[in-house]
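First residue of the sequence shown: 1, per full-length UniProt numbering; consecutive thereafter.
The beta carbon of each residue, even a glycine, is placed where N, CA and C say it ideally should be.
Only a predicted model underlies this, so the values are computations on that prediction, with no experimental measurement involved.
Everything below concerns the one structure shown next.
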Amino acid sequence: MNILVKVINRLDPPVHPLEGITLIGCVIYMIIKRIPDPITGPKGVRMLLIFRGITGFFGLIGLYWSLQYLSVADTTVLTFLAPLATALAGWIFLKEGYSVKQGVAAVFSLLGVVLIARPPFLFESPAVIPVGHQVPEATPAERLIGVGACMISVLGATGAYTTIRAIGKRAHPMHVMTFFSLWSTIMASVGMVVFKIPVVYPRSWMWSLLLILIGVFGFTAQTLLTMGLQRETVSRGATGMYVQALFAVVLEGLFFGIIPSLLSVLGAAIIISSAIYVVLTKPKRST
Numbered sequence: 001m002n003i004l005v006k007v008i009n010r011l012d013p014p015v016h017p018l019e020g021i022t023l024i025g026c027v028i029y030m031i032i033k034r035i036p037d038p039i040t041g042p043k044g045v046r047m048l049l050i051f052r053g054i055t056g057f058f059g060l061i062g063l064y065w066s067l068q069y070l071s072v073a074d075t076t077v078l079t080f081l082a083p084l085a086t087a088l089a090g091w092i093f094l095k096e097g098y099s100v101k102q103g104v105a106a107v108f109s110l111l112g113v114v115l116i117a118r119p120p121f122l123f124e125s126p127a128v129i130p131v132g133h134q135v136p137e138a139t140p141a142e143r144l145i146g147v148g149a150c151m152i153s154v155l156g157a158t159g160a161y162t163t164i165r166a167i168g169k170r171a172h173p174m175h176v177m178t179f180f181s182l183w184s185t186i187m188a189s190v191g192m193v194v195f196k197i198p199v200v201y202p203r204s205w206m207w208s209l210l211l212i213l214i215g216v217f218g219f220t221a222q223t224l225l226t227m228g229l230q231r232e233t234v235s236r237g238a239t240g241m242y243v244q245a246l247f248a249v250v251l252e253g254l255f256f257g258i259i260p261s262l263l264s265v266l267g268a269a270i271i272i273s274s275a276i277y278v279v280l281t282k283p284k285r286s287t
């Protein structure tokens, strides 16, 4: 999804991140499946659902905004601070167990992401990008905006992931998705008015296809993430998010012809080892 967002931001005119997110589909699904309270959500968790929607919006808008100014590599490394922050938030606010071993595995996973992405702000020789796929170099001011947007994304994602775990199975995953979509749409609409962002419509079939794919992949990812965090502690669930970097390596090779370097292979091996370790490690009981 990140790669698709980066591509669509290079269109002329660029598609601004403050665009609508599908809401009707979630409500229709719950009505068809006769899930109670499809719009208002279950009693007792409505404020949590609202908070999840608001924080989720900032997590997503920060990511999309940063991709306008930073490379995918830089954005990937910075936003992958979220799993570490989420695990810490779960330990503080939800009183969930978080062992030192899990923390070490998370740090090693982040190291693996750094080796794969090789962001320019850490490496003199960043990941090689084939001719035709380079993006314009951002100015120092734009990079500062991009980094700030990434930090907003990290804070928003941390709040959203922690809230999903706090809600647990008291709400259906579609309830969580509905409130996320609802508040994202509301806040995006307000943002478009405040910042005077014009409504942009697709002008080509490629543009339309990219928007559809972003919607499909984004919806699928958020739904599976919600289902996972409802069943597992945020520390273990968040650590599993580092596996995204492996898919990024594979997709870049398939679609952009980028051959992974030895550092990328090493980073992938570290992530896989850490993920397997976390899965096989017995969860620490909450205190």
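Classification of residue i by the beta-carbon crowding that lies within 10 angstroms, buried from 16 upward
i, result
"residue 83", "buried"
"residue 254", "exposed"
"residue 34", "exposed"
"residue 91", "buried"
"residue 224", "exposed"
"residue 205", "exposed"
"residue 176", "buried"
"residue 201", "exposed"
"residue 257", "exposed"
"residue 110", "buried"
"residue 8", "buried"
"residue 67", "buried"
"residue 264", "buried"
"residue 52", "buried"
"residue 216", "exposed"
Distance, residue j Cα to residue i Cα
i, j, result
"residue 32", "residue 182", "19 Å"
"residue 100", "residue 249", "29 Å"
"residue 210", "residue 76", "20 Å"
"residue 230", "residue 165", "5 Å"
"residue 78", "residue 69", "13 Å"
"residue 97", "residue 103", "11 Å"
"residue 117", "residue 235", "23 Å"
"residue 26", "residue 184", "14 Å"
"residue 105", "residue 268", "13 Å"
"residue 1", "residue 214", "6 Å"
"residue 24", "residue 232", "28 Å"
"residue 208", "residue 36", "34 Å"
DSSP state of residue i mapped onto helix, strand, coil
i, result
"residue 325", "The displayed coordinates of the chain run from 1 to 287. Any statement about residue 325 would go beyond what the structure contains."
"residue 175", "helix"
"residue 151", "helix"
"residue 199", "coil"
"residue 98", "coil"
"residue 169", "helix"
"residue 289", "The structure shown has nothing for residue 289, since the chain only spans 1 to 287."
"residue 227", "helix"
"residue 142", "helix"
"residue 276", "helix"
"residue 1", "coil"
"residue 122", "coil"
"residue 303", "Residue 303 lies beyond the stretch modelled for the chain, which goes from 1 to 287, so this question has no answer here."
"residue 69", "coil"
"residue 80", "coil"
"residue 191", "helix"
"residue 233", "coil"
Neighbourhood of residue i by C-beta distance below 6 Å, restricted to the same chain and skipping five residues each side
i, result
"residue 228", "237"
"residue 49", "41 and 179"
"residue 30", "38 and 174"
"residue 46", "none"
Close Cβ partners of residue i (< 7 Å) along its chain, the five nearest in sequence each way excluded
i, result
"residue 19", "Caution applies to residue 19, whose pLDDT of 45 falls short of 50 and renders its modelled position unreliable; the value that the coordinates give is listed next. Counting only Cβ-Cβ distances below 7 Å, and skipping sequence neighbours, we find 188."
"residue 62", "149, 150, 152, 153 and 156"
"residue 218", "1"
Same chain, Cβ closer than 8 Å to residue i, neighbours up to 5 away in sequence not counted
i, result
"residue 138", "69, 70 and 146"
"residue 114", "77, 122 and 267"
"residue 57", "156, 180, 183, 184, 187 and 188"
"residue 120", "71, 73, 74 and 126"
Per the contact definition of three or more C-beta pairs closer than 8 Å, is the stretch 23-42 in contact with the stretch 166-184? yes
Would you check if there are 3 or more beta carbon pairs closer than 8 Å linking the stretch 187-198 to the stretch 136-145? no
Are at least three pairs of beta-carbons, each pair with one atom in the stretch 270-280 and one in the stretch 238-246, less than 8 Å apart? yes
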